[in-house]
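As structure tokens, the structure follows; a few thoughts come after it.
Protein chains: 2
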Amino acid sequence: MERLTIYEVARRAGVSISSVSRVLQGKPGVAPAKRERVLAAVKALGYVPNGLARGLASSRHGVIGLIFPDLDDPSTESGHETLLYSDEIIRGAERAARVAGYAVIIAATHVSGGRDIARAIGGRVDGLVVLAGSIAEPDIAALAERTPVVLLAAGRRARGIDHVAADNEGGAYAVTEHLVGAHGYRDVIFAGGPAAAPDARARFVGFRKALAAAGLPVPDRPAVRGDFSEAGGRRVAGQILRGLALPRAIVAGNDQMALALVADLTAVGIAVPREVAVTGFDDIQLARLVSPPLTTVHQPMRELGARCVTLLLDRLSGDEGPPRAVVVPTALVVRESCGCRAPRPARVPIAGRQQT
Amino acid sequence: MERLTIYEVARRAGVSISSVSRVLQGKPGVAPAKRERVLAAVKALGYVPNGLARGLASSRHGVIGLIFPDLDDPSTESGHETLLYSDEIIRGAERAARVAGYAVIIAATHVSGGRDIARAIGGRVDGLVVLAGSIAEPDIAALAERTPVVLLAAGRRARGIDHVAADNEGGAYAVTEHLVGAHGYRDVIFAGGPAAAPDARARFVGFRKALAAAGLPVPDRPAVRGDFSEAGGRRVAGQILRGLALPRAIVAGNDQMALALVADLTAVGIAVPREVAVTGFDDIQLARLVSPPLTTVHQPMRELGARCVTLLLDRLSGDEGPPRAVVVPTALVVRESCGCRAPRPARVPIAGRQQT
DNA sequence: CTGTTAGCGCCTTCAT
DNA sequence: ATGAAGGCGCTAACAG
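Taken in sequence, the protein lines are chains A and B.
Read in this note's numbering, the first sequence has 96 at position 96, and its numbers run on one by one without any break.
Read in this note's numbering, the second sequence has 499 at position 143, and its numbers run on one by one without any break.
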């Protein structure tokens, strides 16, 4: 692990470091022969330019920071379903970044709050993608003054900050419409998420609009409310079973709740979707594995991550326009929990079953 | 976003840049009064040291690289269950790193293979944590020559490279023993993962040992084999239903397969666990949401990520000892798919059900 | 305790 | 087309 610098390469190739630098950056103005020799030397030595020095000299980090909430931290607004997808978001962001020659650095906000992350990665990135809930709004604003920032999935778009979000309202509208339209259910309720969560609100809005469009009575607020977690779903199930009249269909605020709902409903002998239809939101992996497969709304997490990065890159390359708000479309995924009959994979007849 | 350097802070505080530097690094040897003034200036200016310059000067990036396979890339050994957890791994790694003052940079390997990532982040990290399957072994070896590398979840520990893995064998042993011991099942089969996957093999080994310990016949290879994916699980279900005699219990190579198995078995009217018990491996979130809740083996993904980082940090701080192989314990999670009766949450009697 | 002075490794004018 | 030389912002000896 000896130090290997551009000087070494230059010496090996018998040229000046300038030429090496030029070749490495693919800049023109280097004789083909020389270029070959440099390349050969680089390969022979296994030389990789020092990103630090390179960045310092060009005053460009080549790195984008990704800030997301610390899941284990009880003080953060956790339970937010977005968290479940940070993996996908990260991948989407990473890919978009790499295409543009950027790396992605990640940081989870800690208890201490947003001030920390400034120190943690503030000095080593060109820009930041901040997941909603990871940093308090005032802190974000402060951050945004010194660094380009794109907010992901925040509700009310912070003033003056670029913003990317999934079309929660449209998605909720779509499922609800499917329920009342395609299936003709009239008694449909919404199992909401945390009152504070922007996504949860947007979904409820979509739900109401769909109801209104169908000429059905529009509730002022969710019939029941969970917290986007499995526990929330169970609690909601309890509420429904205990007090409410059983509705014909339930639009759950997210898949986790929907799944828990289905589980608890089924456990007490209520058939889903025959007696009660249930839909989710997010399209988590197991939504299609459970029985019945969950009809839900797909969130393009990867694309969300990617869009954040491209937006950020635009800013980095000098885009000075007014703050943008990008809405990434969601998609209705019809499976069976709504009452539809999806084509099931052919079942092979059972061959031999010994024991019982 | 004007440039703000240490000089500005020094001027504002009426001291030399050295003092500012010392204060910022928490080094001793600065008069309390001066220290205060510096801190005040820093805060007033909102100064954040440039990580690039800092790194260059101290020849320490303060960054750890995390390499994992690109999921969408068909050429990578995907379907590997570890991938499902990269999120958890990342979080574990990030936290451990942050505690030590390091940031984490991530990169997914692309089709092009491992050579790329060297350029991508090679020059900007102090060390690398490489998830198995993301880079071909020879490339890893090459990498490890220039940078400290820790391998995560690789099978045969590459020669001379630090290595961290979950106790797959022990976990498989534990579930299997539970099945044959606690439940007394004798006809137990193993639904394997990809033949090449090291984890899959280790789990099979544990399975066999448990069988041997119980005095049962030990198969040479998995009765059926999937690929760790949901599709794999379905395929396995097909095989079992079609050709094999139905066993009393199935130890699936991972949760995804187990879940798909349960779904397909149930779909054709086979009761789980009454007729066939099924167990998984990994303990993914929904393992406990499905019905019946899945008995499985918990993989401490977060801890795996953290251990990789701490191991790496040891190396970075000069540990020159022989390569280490850390095995992180797994844990049996008994739920219901094995035939156990977990305490179910109390069911509230149904209040009012209108429509049917 | 404090300030001065070299670099860290590379990019980038600027001459040649 | 090519090389020489001056920073980029900071840390780390080194003198005071």
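Don't be surprised by glycine CBs; every beta carbon is placed ideally from N, CA and C.
From the options, residue whose alpha carbon lies closest to that of residue i
i	options	result
Glu275/A	Thr296/A, Gly192/A, Ala249/A	Ala249/A
Ala553/B	Ile496/B, Ala509/B, Ala662/B, Arg502/B	Ala509/B
Val278/A	Ser317/A, Ala97/A, Gly233/A	Gly233/A
Ser415/B	Ser18/A, Leu4/A, Val30/A, Asp87/A	Leu4/A
Gly677/B	Val683/B, Pro685/B, Leu668/B, Tyr403/B	Leu668/B
Leu650/B	Ala623/B, Ala492/B, Val531/B, Met657/B	Val531/B
Pro603/B	Val536/B, Leu408/B, Leu395/B, Gly516/B	Val536/B
Ser442/B	Ala366/B, Asp638/B, Gly695/B	Asp638/B
Gly123/A	Ala97/A, Leu39/A, Arg146/A, Leu241/A	Arg146/A
Arg393/B	Arg410/B, Gly411/B, Ile373/B	Ile373/B
Ala223/A	Ala214/A, Ala202/A, Ala231/A, Val251/A	Val251/A
Gly421/B	Tyr529/B, Ala687/B, Val486/B, Val398/B	Val486/B
Leu216/A	Ala245/A, Gly184/A, Arg203/A, Ala195/A	Gly184/A
Leu617/B	Ala601/B, Gly599/B, Arg591/B, Arg598/B	Arg591/B
Tyr403/B	Ala142/A, Val99/A, Asp319/A, Gln256/A	Ala142/A
Leu408/B	Asp220/A, Ala245/A, Ile121/A, Gly318/A	Ile121/A
Tyr458/B	Glu533/B, Ala538/B, Gly411/B	Gly411/B
Arg559/B	Gly625/B, Gln655/B, Ser375/B	Gln655/B
Residue-level contact to chain A via CB, residue i, 8 Å cutoff
i	result
Arg368/B	no
Pro494/B	no
His417/B	yes
Asp576/B	no
Glu450/B	yes
Ile715/B	Because residue 715/B is not part of the residues shown, which for chain B are 357 to 712, the question remains open.
Ala476/B	yes
Asp443/B	yes
Ala509/B	no
Leu412/B	yes
Ile462/B	yes
Glu692/B	no
Ala409/B	yes
Gly382/B	no
Gly402/B	yes
Leu615/B	yes
Ala619/B	yes
Leu672/B	no
Nearest-angstrom Cβ-Cβ length linking residue i and residue j, presumed shorter than 8 Å
i	j	result
Phe563/B	Ser490/B	Between Ser490/B and Phe563/B the Cβ distance is about 27 Å, and since that is not below 8 Å, they are no contact.
His417/B	Val481/B	6 Å
Gly92/A	Ala325/A	That pair is no contact at about 18 Å.
Leu621/B	Ala593/B	6 Å
Asp523/B	Val371/B	Actually they are not in contact, since the Cβ atoms of Asp523/B and Val371/B sit about 54 Å apart, beyond 8 Å.
Arg12/A	Leu39/A	About 11 Å separates the two Cβ atoms, so there is no contact after all.
Ser585/B	Val628/B	No, Ser585/B and Val628/B are not in contact; Cβ-Cβ is about 20 Å, not under 8 Å.
Asp555/B	Gly549/B	7 Å
Cys308/A	Val150/A	5 Å
Pro679/B	Gly516/B	5 Å
Ala623/B	Val653/B	Contact doesn't hold; Cβ gap of about 25 Å is too wide.
Glu450/B	Ala108/A	5 Å
Per DSSP, the bridge partner or partners of residue i
i	result
Ile189/A	Ile250/A
His654/B	Asp638/B, Ala687/B
Leu66/A	Ile106/A, Val129/A
Asp518/B	Val506/B
Arg367/B	Bridge partners of Arg367/B: none, in fact.
Interface flag, residue i vs chain B, CB-CB below 8 Å
i	result
Phe190/A	no
Pro49/A	yes
Ala103/A	yes
Ser16/A	no
Val236/A	no
Arg341/A	no
Val290/A	yes
Arg91/A	yes
Thr266/A	yes
Gly123/A	yes
Ala231/A	no
Val9/A	no
Leu397/A	An answer regarding residue 397/A cannot be provided, because it is not within the stretch 1 to 356 covered by chain A.
beta-carbon residue i near the ligand GTP non-hydrogen atom, thresh 7 Å
i	result
Leu621/B	Here there are no bound small molecules, and the ligand GTP is not part of this structure.
Using 8 Å as the threshold, is the region 642-650 of chain B in touch with the region 378-390 of chain B, meaning 3 or more CB pairs across them? Flag = no, the region 642-650 of chain B and the region 378-390 of chain B do not touch.
Tell me, please, whether the region 562-578 of chain B touches the region 534-546 of chain B by the rule of three or more beta-carbon pairs shorter than 8 Å. The region 562-578 of chain B, when compared against the region 534-546 of chain B, does touch it at the 8 Å Cβ threshold.
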